[in-house]
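**Q** Just so you know, the protein sequences line up as chains L and V, in that order.
Using my numbering, read the first sequence as starting at 70 and increasing by one per residue.
Using my numbering, read the second sequence as starting at 70 and increasing by one per residue.
Cβ atoms here follow ideal geometry from the backbone N, Cα and C, with glycine treated the same way.
Can you keep this structure in mind? I'll have questions shortly.
There are 2 protein chains.
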Amino acid sequence: MRPQKITEELLTQRMLEILRSRGYDGSSLQDLAVAGDLKKASLYHRYPGGKQNLVQSVLDHYTSLLEEKVFKILMAKKKKPKKRLNSAIGNIMDLYQQGSANCLHRALSMETGKNLFGDQIRQNCQHWIDAFETLGKDLGFKKKKARHLAKESLIKIQGALVLSNIVNDATPFKEVVEEIQSSYLDK
Amino acid sequence: MRPQKITEELLTQRMLEILRSRGYDGSSLQDLAVAGDLKKASLYHRYPGGKQNLVQSVLDHYTSLLEEKVFKILMAKKKKPKKRLNSAIGNIMDLYQQGSANCLHRALSMETGKNLFGDQIRQNCQHWIDAFETLGKDLGFKKKKARHLAKESLIKIQGALVLSNIVNDATPFKEVVEEIQSSYLDK
DNA sequence: GTCTATAGCTAGATAGAC
DNA sequence: GTCTATCTAGCTATAGAC
Chain L
70 MRPQKITEEL LTQRMLEILR SRGYDGSSLQ DLAVAGDLKK ASLYHRYPGG KQNLVQSVLD
130 HYTSLLEEKV FKILMAKKKK PKKRLNSAIG NIMDLYQQGS ANCLHRALSM ETGKNLFGDQ
190 IRQNCQHWID AFETLGKDLG FKKKKARHLA KESLIKIQGA LVLSNIVNDA TPFKEVVEEI
250 QSSYLDK
Chain V
70 MRPQKITEEL LTQRMLEILR SRGYDGSSLQ DLAVAGDLKK ASLYHRYPGG KQNLVQSVLD
130 HYTSLLEEKV FKILMAKKKK PKKRLNSAIG NIMDLYQQGS ANCLHRALSM ETGKNLFGDQ
190 IRQNCQHWID AFETLGKDLG FKKKKARHLA KESLIKIQGA LVLSNIVNDA TPFKEVVEEI
250 QSSYLDK
């Protein structure tokens with residue numbers, strides 16, 4: 070077997086950057102191949118199902134990033150809630166590159182991507198809310214308040230990413246992340 | 070001169086619906102022509118500059134909708150601030166069809182659209198913040214607090230539209246709109 | 001003002017050499 | 001596993017009839 074020019078892991082990361090900034094329709098196989106220093110045909114060897122298969126694979130990677138770096142940490146009942154929050158917040162900052170990178174969910178939520186990946190994206194959002202709700206309850210908030218804070222965290226992060234992306238300035242994202250952190254710690 | 074099959078106004082509205090749901094790259098001239106019951110070539114008669122010219126025209130219409138139905142109303146110093154808020158909020162609900170429709174800004178903010186229309190979209194966001202800040206100050210909030218509420222209104226609306234679109238449920242949008250209204254009226 | 005026809009290109013996808 | 005070459009379908013865009 071001939072060696073890979075680029076590892077699956079690195080290729081996925083490179084393609085994630087293309088997809089989150091250009092969306093499904095805006096990312097051509099040409100673009101995605103170039104990002105991995107490959108030719109189009111090589112992508113079909115790795116992803117026999119074509120573009121949809123390829124993007125699904127990137128979305129799966131993104132999903133597991135969220136699960137590992139955010140949701141699992143927030144729900145790790147054995148650790149102190151405050152530590153969990155701070156750890157998850159740090160990882161969220163990384164995931165969105167301090168506010169300069171888009172959310173893949175948003176990039177794949179235009180009509181085309183919505184039809185292809187809607188269920189998984191919806192589930193990820195649900196897990197986000199569930200994880201933050203668990204954290205809120207562990208920090209002593211009542212269920213209703215915990216649920217509200219959880220939804221608000223998702224909405225504010227999404228909105229701040231949209232705005233930061235539009236104005237080409239990560240400040241809205243950074244401010245919102247701090248606000249979310251405070252909303253859980255100020256009691 | 071042969072009569073138009075469809076008015077400029079109605080055609081623009083139809084194309085807005087395509088563009089806000091599919092984005093720039095996801096909306097083909099074929100799609101846009103069909104939405105107005107026209108052929109592709111007819112669009113080139115109306116928009117000689119091609120796709121970019123056409124989308125620019127839709128964005129201009131969207132911009133003036135925001136200016137007329139939201140920003141001007143919020144800043145109409147002669148009327149009572151509470152009336153202005155309620156009127157603008159009602160128009161925002163209409164503009165986003167109670168949460169079932171996307172924001173065109175978001176749809177055009179992926180890489181392609183960002184490069185083509187970024188300046189105008191950025192300016193619209195700035196006007197949103199300025200208008201809500203003016204309202205906040207007129208309602209008696211201090212400048213800093215008014216500015217914060219204004220930014221928050223934009224971020225929450227954008228985030229709620231993303232979420233409502235993903236989960237196919239307008240509830241997040243409706244809740245956020247009510248929260249924003251309350252944040253200005255509860256004092 | 002709208003249409004048919006078509007140019008020229010790029011998209012996603014496949015076949016087969018190395 | 002990666003490549004060159006190629007297919008077909010779709011894209012943006014243009015020319016010219018009515």
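What residue from V/Arg216, V/Thr181, V/Met70, V/Asp207 has the CA that sits closest to V/His196's CA?
**A** V/His196 has its Cα closest to that of V/Arg216, out of V/Arg216, V/Thr181, V/Met70, V/Asp207.
**Q** List the residues of chain V whose Cβ lies closer than 7 Å to the Cβ of L/Asn234, in chain order.
**A** By Cβ distance, chain V contributes Ser178.
**Q** Do the CB positions of L/Leu85 and L/Val139 come within less than 7 Å of each other?
**A** Contact: no.
**Q** Report the option in V/Ile75, V/Arg153, V/Pro241, V/Tyr93 whose CA atom is closest to the CA atom of V/Asn184.
**A** Among V/Ile75, V/Arg153, V/Pro241, V/Tyr93, the Cα nearest to that of V/Asn184 belongs to V/Tyr93.
**Q** With 16 other CB atoms within 10 Å as the buried threshold, where does L/Gly95 fall?
**A** L/Gly95 comes out buried.
**Q** Kindly give me the distance between the Cβ atoms of L/Lys151 and L/Leu254, rounded to whole angstroms, as I take these residues to be in contact under 8 Å.
**A** About 7 Å; that satisfies the 8 Å criterion.
**Q** Excluding the 5 residues flanking L/Gln189 on each side, which residues of the same chain have their C-beta closer than 7 Å to its C-beta?
**A** Cβ neighbours of L/Gln189 beyond the five flanking positions: Leu128, Thr132.
**Q** Strictly below 7 Å CB to CB, what residues from chain V border L/Arg83?
**A** Going along chain V, no residue has its Cβ under 7 Å from L/Arg83, so there is no contact; the nearest lies around 15 Å.
**Q** For a test of the three-state rule: what should DSSP assign to V/Arg71, helix, strand or coil?
**A** It is coil, neither helix nor strand.
**Q** Determine the DSSP secondary structure at V/Asp238, reduced to helix, strand or coil.
**A** Coil at V/Asp238, not helix or strand.
**Q** Cβ closer than 8 Å: which chain L residues qualify as neighbours of V/Leu223?
**A** Result: Gly228, Leu232.
**Q** Name the two residues that bound the continuous alpha helix (DSSP H) containing L/Lys149.
**A** Counting along the chain, L/Lys149 falls outside any alpha helix (DSSP H), and DSSP gives it neither H nor E.
**Q** Note down the Cα distance separating V/Lys225 from L/Pro72, rounded to an integer number of angstroms.
**A** If you take the alpha carbons of V/Lys225 and L/Pro72, they lie about 48 Å apart.
**Q** Considering L/Gly95, what are the terminal residues of the alpha helix (DSSP H) in which it resides?
**A** Residues 77 to 95.
**Q** Enumerate in chain order the residues of its own chain whose CB-to-CB distance from V/Pro241 is below 6 Å, with the five nearest sequence positions on each side excluded.
**A** Ala229, Leu232, Ser233.
**Q** Could you give the residue range of the alpha helix (DSSP H) that holds V/Asn184?
**A** Segment 180 to 207, the alpha helix (DSSP H) holding V/Asn184.
**Q** Straight-line CA distance for V/Gly187 to V/Leu164?
**A** Distance between the alpha carbons of V/Gly187 and V/Leu164 is about 21 Å.
**Q** Could you check what DSSP says for L/Tyr116 in three-state terms: helix, strand or coil?
**A** L/Tyr116: coil per DSSP, three-state reduction.
**Q** For the stretch 206 to 220 of chain V, list every residue whose C-beta sits within 8 Å of some C-beta in chain L, in sequence order.
**A** Listed by position along the chain: Lys220.
**Q** Going by Cα to Cα distance, which pick from V/Leu154, V/Glu78, V/Ala102 is closest to V/Cys205?
**A** Reading off the sequence, residue 205 of chain V comes out as Gly, not Cys. Checking every option, the nearest Cα to that of V/Gly205 belongs to V/Leu154.
**Q** Check the Cβ-Cβ distances between L/Arg175 and every residue of chain V, and say whether any is below 7 Å.
**A** Output row for L/Arg175: interface = yes.
**Q** Does any CB atom of chain V fall closer than 7 Å to the CB of L/Ile158?
**A** No, L/Ile158 does not count as interfacial toward chain V.
**Q** Which residues, in order along the stretch 87 to 121 of chain V, keep a beta-carbon less than 7 Å from a beta-carbon of chain L?
**A** Residues passing the 7 Å Cβ filter: Ser90, Arg91, Gly92, Asp94, Gly95.
**Q** In its own chain, which residues sit with a C-beta less than 7 Å from the C-beta of L/Gln121, not counting the 5 before and 5 after it?
**A** Cβ neighbours of L/Gln121 beyond the five flanking positions: Leu185.
**Q** For L/Ser169, collect the residues of the same chain with a Cβ closer than 7 Å to its Cβ; drop the 5 residues on either side in sequence, then sort them by chain order.
**A** Excluding sequence neighbours, L/Ser169 sits near Ala239.
**Q** Could you tell me the alpha carbon to alpha carbon distance between V/Cys194 and V/Leu223, rounded to whole angstroms?
**A** When rounded, the distance between both Cα atoms is 8 Å.
**Q** Nearest-angstrom Cα distance between L/His60 and V/Ile249?
**A** Shown here, chain L extends from 70 to 256; a query on residue 60 of chain L therefore has no answer.
**Q** Out of V/Lys220, V/Ile87, V/Thr76, which has the shortest C-alpha to C-alpha gap to V/Thr203?
**A** It is V/Lys220 whose Cα lies nearest to the Cα of V/Thr203.
**Q** Give me the chain V residues within the contact set of L/Val245, using Cβ-Cβ distance strictly less than 8 Å, ordered along the chain.
**A** Chain V residues near L/Val245: Ile224.
**Q** Report the residue from V/Lys214, V/Leu107, V/Leu134, V/Arg115 whose alpha carbon sits nearest the alpha carbon of V/Lys74.
**A** Selected option, being the one with the closest Cα: V/Leu107.
**Q** For V/Thr240, would you say it is in contact with chain L, using Cβ-to-Cβ distances shorter than 7 Å as the test?
**A** Taking Cβ atoms only, chain L never reaches closer than 7 Å to V/Thr240, which makes this a no.
**Q** Compare the C-beta of V/Ile75 with all C-beta atoms of chain L and state if any pair is closer than 7 Å.
**A** No, V/Ile75 lies away from the interface with chain L (no Cβ there is under 7 Å from its Cβ).
**Q** Assign L/Ser251 to buried or exposed, taking buried as 16 or more other Cβ atoms, counted over all protein chains shown, within 10 Å of its Cβ.
**A** Exposed.
**Q** Are any of the Cβ atoms in chain V nearer than 7 Å to that of L/Thr203?
**A** Chain V, which has no Cβ nearer than 7 Å to the Cβ of L/Thr203, makes this no.
**Q** Using CA coordinates, which residue listed in L/Ala102, L/Arg89, L/Ile235 is at the minimum distance from V/Cys172?
**A** Residue L/Ile235 is the option with its Cα nearest to V/Cys172.
**Q** Would you say V/Thr181 reaches chain L, if we count a Cβ-Cβ gap shorter than 7 Å as a contact?
**A** Chain L, which has a Cβ nearer than 7 Å to the Cβ of V/Thr181, makes this yes.
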